[in-house]
Structures are given as C-alpha cells and as structure tokens.
Amino acid sequence: MESSDTVTVSTCNFHSFSSSSSSSPPLPPTPPIHTPCAACKILRRRCADKCVLAPYFPPTEPLKFATAHRIFGASNIIKLLQELPEIHRDDAVSSMVYEAGARIRDPVYGSAGAICQLQRRVDELQAELLNLRAQQKSLLALICMQQEQLPATPPPALLLDEFNPGSVWEDELLWN
1 MESSDTVTVS TCNFHSFSSS SSSSPPLPPT PPIHTPCAAC KILRRRCADK CVLAPYFPPT
61 EPLKFATAHR IFGASNIIKL LQELPEIHRD DAVSSMVYEA GARIRDPVYG SAGAICQLQR
121 RVDELQAELL NLRAQQKSLL ALICMQQEQL PATPPPALLL DEFNPGSVWE DELLWN
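Just so we're aligned, residue 1 is where the sequence shown starts under the UniProt record's numbering, counting upward by one.
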C-alpha cells in the first residue's frame with residue numbers, strides 16, 4: 001500500500017505601509033517596564049508603583065526577602081515598615097534580615113546565641129590579656145633585677161674607640 005504525502009504551502013502577502021503622520025494616528029508611548037521587587041516576585045503578585053517593600057528588597061536580592069519572609073512573614077514585615085518613619089525603615093529591614101538569618105542558623109537562640117558566643121570570646125581574650133600582662137610584668141621585674149646585679153661599667157666590647165666615634169653596631173653592619 002503506497003501513500004502519497006502532499007504538503008500544502010500557504011503564502012501570506014505582506015503589504016508595505018507608509019508611515020506618514022496623516023494616514024495613521026501616533027501610537028501612545030509605551031509604559032516603562034517595571035521590574036517587580038524581590039518581595040512581589042516571591043509572593044507572586046503584581047508590584048505596585050508605591051510598593052512598601054520595593055525600596056528595601058530590590059529584584060536583584062531575592063534571598064534577602066526570602067530569609068525575612070521565612071521567619072517574620074510578609075504581612076508582619078509590611079505592618080512593621082508602615083508603622084516606622086521612612087528614615088528608620090532601612091535599618092529595620094537590615095535588622096530583620098540579620099535576625100531572620102540568625103534564627104535560621106540557630107533556631108533555639110537566634111541572634112542571642114551569637115551574642116553569647118561573642119561575649120564568651122571577649123571574656124576569654126580579656127583573661128588572656130590579663131595573663132600576658134602579668135607575664136610581661138614579671139619579665140620586666142626579672143630584667144630589672146638582672147640589670148641591678150650587673151657591674152656599673154659596661155663591658156669593653158661596648159666601649160667606643162677613641163679614633164672611631166661610630167657605634168659598635170655600625171662596625172658589625174660593615175662585616176655582615
């Protein structure tokens with residue numbers, strides 16, 4: 001059994017249109033393309049022109065909003081930002097993102113855990129500093145005691161030559 005395939009080709013006629021101003025009305029300007037902020041992208045909603053979250057969660061930083069949203073929730077973030085004056089909002093957002101990141105890393109203690117760990121480290125370093133200062137004090141006392149026991153006249157190698165007013169150290173530098 002043989003079958004013959006036929007292909008039908010349809011052609012379109014393209015007409016050229018002249019772009020004279022008298023024949024067609026001018027097109028309205030296209031609105032600028034508005035990229036939704038990271039918050040609206042993650043929430044899958046339309047980003048309004050006056051979006052409260054847009055200045056603080058740019059489209060290039062979706063992880064920033066995702067972190068804060070995971071812990072605080074979008075409605076709580078929006079509510080908090082609306083209650084604050086605009087000059088404090090940027091600091092509030094960075095604090096929320098930091099707190100959320102700390103809570104994700106340490107679900108039990110959050111940022112308090114980081115603070116306790118840093119305080120413990122400060123205490124350790126202060127104890128080490130006290131120990132080193134005590135060692136320094138005892139070494140200085142030992143050096144002073146040894147200086148008191150030395151004879152009052154310096155050894156002959158440290159005396160200056162009456163014909164060479166330079167120091168002993170300069171002579172050593174010449175030979176090295």
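Glycine is no exception: its CB is placed at the ideal position from the N, C-alpha and C atoms.
- prompt: Measuring CB to CB, does residue 65 end up less than 7 Å from residue 38?
  reply: Contact flag set, yes.
message: Rounding to the nearest angstrom, what Cα-Cα distance links residue 207 and residue 115 in this structure?
response: Coverage of the chain is limited to positions 1 through 176, which leaves residue 207 absent and any answer about it impossible.
- request: For residue 42, collect the residues of the same chain with a Cβ closer than 7 Å to its Cβ; drop the 5 residues on either side in sequence, then sort them by chain order.
  value: Excluding residues within five positions, the ones whose Cβ falls inside 7 Å are 62, 65, 66 and 69.
- request: Can you give me the Cβ contacts of residue 80 inside the same chain, cut-off strictly under 7 Å, excluding the 5 residues immediately before and after it?
  value: Only 92 meet the Cβ criterion.
Own chain, CB closer than 7 Å to residue 96, minus 5 neighbours either side, in chain order: If we look at residue 96 and ignore the five residues flanking it on each side, its Cβ neighbours are 68, 72 and 77.
- prompt: So, helix, strand or coil for residue 2, using DSSP?
  reply: Its pLDDT being 47, under 50, residue 2 is placed unreliably in this model, and the value from its coordinates should be taken loosely. Residue state, collapsed to three classes: coil.
message: Considering only the alpha carbon of each residue, which of 44, 35 and 52 lies closest to residue 60?
response: Closest by alpha carbon: 35.
message: Could you compute how far the alpha carbon of residue 90 sits from the alpha carbon of residue 55?
response: Between the alpha carbons of residue 90 and residue 55 lies a distance of about 9 Å.
message: Quick check: what's the CA-CA separation for residue 47 versus residue 57?
response: Near 12 Å, if we compare the C-alpha coordinates of residue 57 and residue 47.
task: Determine the burial state of residue 134: buried for a count of at least 16 other Cβ atoms within 10 Å of its Cβ, exposed for fewer.
output: Exposed is the call here.
query: Applying the criterion that 16 or more other CB atoms from any shown protein chain within 10 Å of the CB defines a buried residue, is residue 140 buried or exposed?
result: Per the 10 Å Cβ criterion, exposed.
field: Contacts around residue 88, its chain only, beta-carbon distance under 8 Å, and the 5 residues preceding and following it disregarded
entry: The answer is none, since no qualifying residue turns up.
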